[in-house]
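Participant:
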Amino acid sequence: MKIMTCPLNGPRPVSEFFYWGEVRPMPDPDTCTDAEWADYVFNRNGAPGVKREWWCHTPSNTWFIAERDTEKDVVLKTYFYQGDA
Amino acid sequence: MSQALASSPVAEIVAELLTDAVRQAEAAAVLGIADVSLEVRCGCKGPGTVAWLDSLDVPVPEKFNSWLPLGERGRIARLGMTEFLIEGDAAVVERLTTTPRAAGVYPVQREDAALMLGGARVNELLRQTCNVNFAALNLADRPVVLTSLIGVGVTVLLEQTAQGLIYRIWCDGSYGRYVFETLHDIAHELGGGTVSPQHLYA
Numbered sequence: 055m056k057i058m059t060c061p062l063n064g065p066r067p068v069s070e071f072f073y074w075g076e077v078r079p080m081p082d083p084d085t086c087t088d089a090e091w092a093d094y095v096f097n098r099n100g101a102p103g104v105k106r107e108w109w110c111h112t113p114s115n116t117w118f119i120a121e122r123d124t125e126k127d128v129v130l131k132t133y134f135y136q137g138d139a
Numbered sequence: 291m292s293q294a295l296a297s298s299p300v301a302e303i304v305a306e307l308l309t310d311a312v313r314q315a316e317a318a319a320v321l322g323i324a325d326v327s328l329e330v331r332c333g334c335k336g337p338g339t340v341a342w343l344d345s346l347d348v349p350v351p352e353k354f355n356s357w358l359p360l361g362e363r364g365r366i367a368r369l370g371m372t373e374f375l376i377e378g379d380a381a382v383v384e385r386l387t388t389t390p391r392a393a394g395v396y397p398v399q400r401e402d403a404a405l406m407l408g409g410a411r412v413n414e415l416l417r418q419t420c421n422v423n424f425a426a427l428n429l430a431d432r433p434v435v436l437t438s439l440i441g442v443g444v445t446v447l448l449e450q451t452a453q454g455l456i457y458r459i460w461c462d463g464s465y466g467r468y469v470f471e472t473l474h475d476i477a478h479e480l481g482g483g484t485v486s487p488q489h490l491y492a
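Same order as they appear, the protein sequences are chains A and B. Counted the way our numbering counts, the first sequence spans residues 55 to 139. Counted the way our numbering counts, the second sequence spans residues 291 to 492.
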């Protein structure tokens, strides 16, 4: 069983969590080009490596960031998001 | 917010599965499951909630995921950082549901199926249905655990009473029948069954 550590609820089986994709800064829609906006909306980075991802502990609805090596599928660390959501 | 439900989400299945009255005390001693959905309760959350509860003289658990007793038969549970579940103390629930909320306080509708588990073999049932090792928790901390039980998101509160350790479990009312029936089946296999709440919590 894979274990993930929620920053609030502690280590839990990964079945208690939901993956919500890589953290991706949104370009300013008022100033970015159409190409930049289309890239943000439609394209995803599928290259393996260490990524910052949104995860949610579903029983408590706790959202947090996990740094995960997607090549090895190893969670390196988890923490609450710092900044504007 | 909410107070008491008009009917329990698990009323039908409880009526169907209730152990014969003469056997209930015996079943509760082994592994009893009881419906307590009709207790008064309410919920609130938000960044202003701790200060608002303080202003209303409601005790606030300091630690995340812990609880405190309210009056003789009530409790307030801190779910995560800024959400609270208040249950069992009609005066406090009335105060919280009738006082205007402060800024940064939001109501949480509580229409849970609420169950109580107790008895000598309760940990065997939990080991079959949940990934959390409840036996490792320190009861002095008055722990609250938000986890998944037979695939359903639940809140579990552990309370040491004079009659023994009981587990209070809340889940979304729409899952109530499934949760209750499944836990009853396991309890029945282990020698227990569905009982009236007073057999677990006098």
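For every residue, glycine included, the Cβ atom is placed at its ideal position computed from N, Cα and C.
(1) Which one or two residues does DSSP pair with proline 397 of chain B in a beta bridge?
(2) Under 8 Å Cβ to Cβ from alanine 452 of chain B, same chain only, skipping five residues before and after it: list those, please.
(3) Classify threonine 339 of chain B as buried or exposed, calling it buried when 16 or more other Cβ atoms lie within 10 Å of its own Cβ.
(4) So for alanine 139 of chain A, helix, strand or coil by DSSP?
(5) Which runs of the beta strand (DSSP E) fall wholly inside the region 372–443 of chain B and span at least 3 residues, in chain order?
(6) Could you check whether the Cβ of asparagine 355 of chain B sits closer than 8 Å to any Cβ belonging to chain A?
(7) Find the residues of chain A that neighbour leucine 436 of chain B, judging by a C-beta separation of less than 7 Å, and give them in chain order.
(8) Could you have a look at glutamate 121 of chain A and say whether DSSP puts it in helix, strand or coil?
(9) Report buried or exposed for asparagine 99 of chain A, applying the criterion of at least 16 other Cβ atoms within 10 angstroms of its Cβ.
(10) Does the region 349–358 of chain B come close enough to the region 80–100 of chain A that 3 or more CB-CB pairs lie under 8 Å?
(11) Apply the 10 Å Cβ neighbour rule to phenylalanine 71 of chain A and answer buried if 16 or more other Cβ atoms are within range, or exposed otherwise.
(12) Applying the 10 Å Cβ sphere with the 16-neighbour rule, what's the burial state of leucine 490 of chain B?
(13) Helix, strand or coil: how does DSSP classify glutamine 450 of chain B here?
(14) From B:Glu449, B:Pro299, B:Gly441, pick the residue whose C-alpha is nearest to that of leucine 427 of chain B; which is it?
(15) Looking at the strands, I want to know which residues DSSP matches up with lysine 353 of chain B.
(16) Check whether the region 368–375 of chain B and the region 305–315 of chain B are in contact - that is, three or more C-beta pairs closer than 8 Å.
(17) Would arginine 66 of chain A pass as an interface residue toward chain B - the criterion being a Cβ-Cβ separation below 8 Å?
(18) Evaluate leucine 436 of chain B with the Cβ neighbour count: other Cβ atoms within 10 Å of its Cβ, from every protein chain shown; 16 or more gives buried, anything less gives exposed.
(19) Looking at leucine 328 of chain B: is its Cβ nearer than 8 Å to the Cβ of threonine 484 of chain B?
(20) Under 8 Å Cβ-Cβ, which residues of chain B neighbour glutamate 70 of chain A?
(21) Among residues of its own chain, excluding the 5 on either side of lysine 126 of chain A, which ones have a beta-carbon nearer than 6 Å to its beta-carbon?
(22) Taking C-beta to C-beta, are aspartate 462 of chain B and aspartate 379 of chain B nearer than 8 Å?
(23) Do we get a CB-CB distance below 8 Å when we pair glycine 370 of chain B with the residues of chain A?
(24) In the structure shown, what three-state DSSP assignment does arginine 313 of chain B receive?
Facilitator: To lay it out plainly:
(1) Proline 397 of chain B is bridged to B:Cys334.
(2) Only residues of its own chain outside the window of five on either side were considered, and among them Ala492 have a CB closer than 8 Å to the CB of alanine 452 of chain B, listed in chain order.
(3) Of the other Cβ atoms in all chains shown, 16 or more fall within 10 Å of the Cβ of threonine 339 of chain B; this residue is therefore buried.
(4) Bear in mind that a pLDDT of 47 at alanine 139 of chain A, under 50, signals an unreliable position, so the model cannot answer this.
(5) Runs of the beta strand (DSSP E) inside the region 372–443 of chain B: 373–377, 396–398, 402–408, 434–439.
(6) The C-beta of asparagine 355 of chain B comes closer than 8 Å to at least one C-beta of chain A.
(7) Residues of chain A passing the Cβ test: Asn63, Pro113, Ser114.
(8) Reduced to three states, the DSSP call for glutamate 121 of chain A is strand.
(9) With fewer than 16 other CB atoms across the displayed protein chains lying within 10 angstroms of its CB, asparagine 99 of chain A is exposed.
(10) Contact between the region 80–100 of chain A and the region 349–358 of chain B is absent, because fewer than three Cβ pairs lie under 8 Å.
(11) That one is buried.
(12) Buried: at least 16 other Cβ atoms inside 10 Å.
(13) Strand, per DSSP.
(14) Residue nearest to leucine 427 of chain B within the set B:Glu449, B:Pro299, B:Gly441 is B:Glu449 (criterion: CA-CA distance).
(15) Note: lysine 353 of chain B is not bridge-paired with any residue in the DSSP secondary-structure output.
(16) No: fewer than three Cβ pairs fall under 8 Å.
(17) Under the Cβ distance rule, arginine 66 of chain A counts among the residues neighbouring chain B, one pair being separated by less than 8 Å.
(18) The residue in question, leucine 436 of chain B, is buried, as its Cβ has 16 or more Cβ neighbours within 10 Å.
(19) In this structure, threonine 484 of chain B does not lie closer than 8 Å to leucine 328 of chain B by Cβ.
(20) Under the 8 Å cutoff, chain B gives Asn421, Thr437, Ser438.
(21) No residues qualify anywhere along the chain.
(22) Between aspartate 462 of chain B and aspartate 379 of chain B, the gap from beta carbon to beta carbon reaches 8 Å or more.
(23) Chain A contact via Cβ: present.
(24) Three-state result, arginine 313 of chain B: helix.
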